[in-house]
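K.L.:
A single structure is presented below for examination.
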Amino acid sequence: MNPEPVLTRELLARQFARLGVRPGEVVLTHGSMRALGWVCGGATAVVQALLDAVGPEGTVVVPAQTPDNRDPSRWSHRRVPEEWWPVIREHLPAFEPALTPSAGMGAIAERVRTWPGSARSGHPLTSFAAVGARAAEMMAVHDLRSLLGDRSPLAALERADARVLLLGVGFDKCTAFHLAESRIPDLPIIELTAVIRTARGREWVRYETAGLSDHDFGDLGADFEFASIVDGFLRQETVGAATGRLFPLRAAVRFARDWLAPRRHAHRPALSR
Numbered sequence: 001m002n003p004e005p006v007l008t009r010e011l012l013a014r015q016f017a018r019l020g021v022r023p024g025e026v027v028l029t030h031g032s033m034r035a036l037g038w039v040c041g042g043a044t045a046v047v048q049a050l051l052d053a054v055g056p057e058g059t060v061v062v063p064a065q066t067p068d069n070r071d072p073s074r075w076s077h078r079r080v081p082e083e084w085w086p087v088i089r090e091h092l093p094a095f096e097p098a099l100t101p102s103a104g105m106g107a108i109a110e111r112v113r114t115w116p117g118s119a120r121s122g123h124p125l126t127s128f129a130a131v132g133a134r135a136a137e138m139m140a141v142h143d144l145r146s147l148l149g150d151r152s153p154l155a156a157l158e159r160a161d162a163r164v165l166l167l168g169v170g171f172d173k174c175t176a177f178h179l180a181e182s183r184i185p186d187l188p189i190i191e192l193t194a195v196i197r198t199a200r201g202r203e204w205v206r207y208e209t210a211g212l213s214d215h216d217f218g219d220l221g222a223d224f225e226f227a228s229i230v231d232g233f234l235r236q237e238t239v240g241a242a243t244g245r246l247f248p249l250r251a252a253v254r255f256a257r258d259w260l261a262p263r264r265h266a267h268r269p270a271l272s273r
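Given below as structure tokens:
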């Protein structure tokens, strides 16, 4: 039970600081408003509190993915009748970083995406968004063939010694694990399509990329959490009514690489993202 029936920006900022969020750092945030409880000011107040916690030199980053931006025959997050596919292919709007909403990422992520002065990476399927001092730097590189790999913002976050904040969500939402997965040799290659804006106007493009899967991230996270508590990597506190977990992205990627490699080589799953 949340001891504070009404959560405010000021209270949340104090709780983020108690969890260990430090001024000046870069924080990759995955959060659930429902898990937090009733927040006066909603997602805006949560983002304000995060920015208060990291201060003017810090940066808040979120996933801003757009799972609709691929052929409807490859949609896994929702199904539509097959007879709709031709219409969708003809009319699906092109990805535009400033306009295209994220889908399924939650209210906190969407509020960061729309924050004044925010930056967004340019991938039409697996973009990130950021606000703060290093937002543009973190979002600068996101190659089409690197969904969540070394030419994506995840690698920039690793270089910046960012930390991951899981706020009322589990390790199955930990996007950073995909950076480790993408570095495993000989992953299956899949072909995806996306609608983008080019000099010729709206255009479908095809690209090849490593097939990624999060089907076992819950199990991976449980093992990582146990090891991290033993080693002192992970901080855990209650934030509102939610469990907040804070840990170094580098440590998560290092652990995940060793954990995932034998499993991906054994099963070779490929999930179109």
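Position 182 of the sequence shown, counting from 1, maps to 182 under full-length UniProt numbering, and the rest follow consecutively. Every residue gets a Cβ at the ideal spot worked out from N, C-alpha and C, and that includes glycine.
(1) Thinking residue 234 and residue 28 are a contact (beta carbons under 8 Å), I'd like their distance in whole angstroms, please.
(2) By a C-beta neighbour count over all protein chains shown, 10 Å radius and 16 as the cutoff for buried, is residue 40 buried or exposed?
(3) Among 57, 64, 22, which residue has its Cα nearest to the Cα of residue 139?
(4) Evaluate contact between the segment 178-198 and the segment 49-59, counting only Cβ atoms and requiring at least three cross-stretch pairs below 8 Å.
(5) In chain order, what residues of the same chain have a beta carbon less than 8 Å from the beta carbon of residue 47, not counting five sequence neighbours either side?
(6) Taking the alpha helix (DSSP H) that residue 248 falls in, what are its first and last residues?
(7) Taking contact to mean 3 or more Cβ pairs, one atom from each stretch, closer than 8 Å, check whether the segment 121-130 and the segment 217-233 are in contact.
(8) Got a sec, what are the start and stop residues for the beta strand (DSSP E) residue 63 sits in?
(9) Buried or exposed for residue 186, going by 16 or more other Cβ atoms inside 10 Å?
(10) Taking DSSP as the reference, what is the three-state secondary structure of residue 90?
(11) Whole angstroms is fine: what's the gap from residue 196's alpha carbon to residue 204's?
(12) Is the separation between the beta-carbon of residue 212 and that of residue 148 shorter than 8 Å?
(13) Considering only the beta carbon of each residue, do residue 104 and residue 67 sit closer than 8 Å?
(14) Does the pairing of the segment 82-99 with the segment 154-174 give three or more beta-carbon distances under 8 Å?
(15) Give the secondary structure of residue 154 by DSSP, where H, G and I count as helix, E and B as strand, and everything else as coil.
(16) Assuming residue 238 is part of the beta strand (DSSP E), what are its boundary residues?
(17) Thinking residue 171 and residue 241 are a contact (beta carbons under 8 Å), I'd like their distance in whole angstroms, please.
(18) In whole angstroms, what separates the C-alpha of residue 135 from that of residue 35?
(19) Per the DSSP calculation, residue 210 is bridged to which residue(s)?
(20) With residue 128 as the anchor, note down where its alpha helix (DSSP H) starts and where it stops.
(21) Alpha carbon to alpha carbon, how far is residue 152 from residue 142?
(22) According to DSSP, is residue 194 helix, strand or coil?
(23) Less than 8 Å between the C-beta atoms of residue 99 and residue 181, yes or no?
(24) Below 8 Å on the Cβ atoms is my guess for residue 154 versus residue 179; work out the distance and round it to an integer in Å.
(25) Can you pull the DSSP bridge partners for residue 30?
(26) Do residue 237 and residue 19 have their CB atoms nearer than 8 Å?
(27) Using three-state DSSP, classify residue 205 as helix, strand or coil.
(28) Is it buried or exposed for residue 117, if we count other Cβ within 10 angstroms and need 16 for buried?
(29) Can residue 194 and residue 95 be called in contact, C-beta distance under 8 Å?
P.N.:
Well, looking at it:
(1) So it is not a contact: roughly 14 Å between Cβ atoms.
(2) Exposed, since its Cβ has fewer than 16 Cβ neighbours within 10 Å.
(3) It is 64 whose Cα lies nearest to the Cα of residue 139.
(4) With the cut-off at 8 Å, the segment 178-198 and the segment 49-59 do not touch.
(5) Excluding positions up to five away in sequence, the list reads 60, 108, 111, 112, 115, 131.
(6) From DSSP, residue 248 is part of no alpha helix (DSSP H) but of the beta strand (DSSP E) over 242-248.
(7) Contact between the segment 121-130 and the segment 217-233 is absent, with fewer than three C-beta pairs closer than 8 Å.
(8) Taken as a continuous stretch (DSSP letters only), the beta strand (DSSP E) holding residue 63 covers 59-63.
(9) Classification for residue 186: exposed.
(10) Judged by DSSP in its simplified three-state form, residue 90 adopts helix.
(11) Between residue 196 and residue 204, the C-alpha separation is close to 6 Å.
(12) In contact: residue 212 and residue 148 (Cβ atoms closer than 8 Å).
(13) In contact: residue 104 and residue 67 (Cβ atoms closer than 8 Å).
(14) Taking 8 Å as the limit for Cβ pairs, the verdict is that the segment 154-174 does not touch the segment 82-99.
(15) Note: residue 154 maps to helix in three-state DSSP.
(16) In the DSSP assignment, residue 238 falls within the beta strand (DSSP E) that extends over 235-239.
(17) Going by Cβ atoms, the distance from residue 171 to residue 241 rounds to 19 Å, so no, they are not a contact pair.
(18) Residue 135 and residue 35: Cα-Cα distance of roughly 26 Å.
(19) The partner list for residue 210 (beta bridge, DSSP) reads 189.
(20) Segment 128-132 is the beta strand (DSSP E) holding residue 128; no alpha helix (DSSP H) there.
(21) Their Cα atoms are separated by approximately 4 Å.
(22) Residue 194: strand per DSSP, three-state reduction.
(23) Cβ atoms of residue 99 and residue 181: not closer than 8 Å.
(24) Right, their Cβ atoms sit about 4 Å apart.
(25) Its beta-bridge partners are 166.
(26) Yes. Within cutoff.
(27) The answer is strand: DSSP assigns residue 205 an E or B state.
(28) Taking all protein chains in view, the Cβ of residue 117 is surrounded by fewer than 16 other Cβ atoms within 10 Å, so the residue is classified as exposed.
(29) By the CB criterion at 8 Å, residue 194 and residue 95 fall inside the cutoff.
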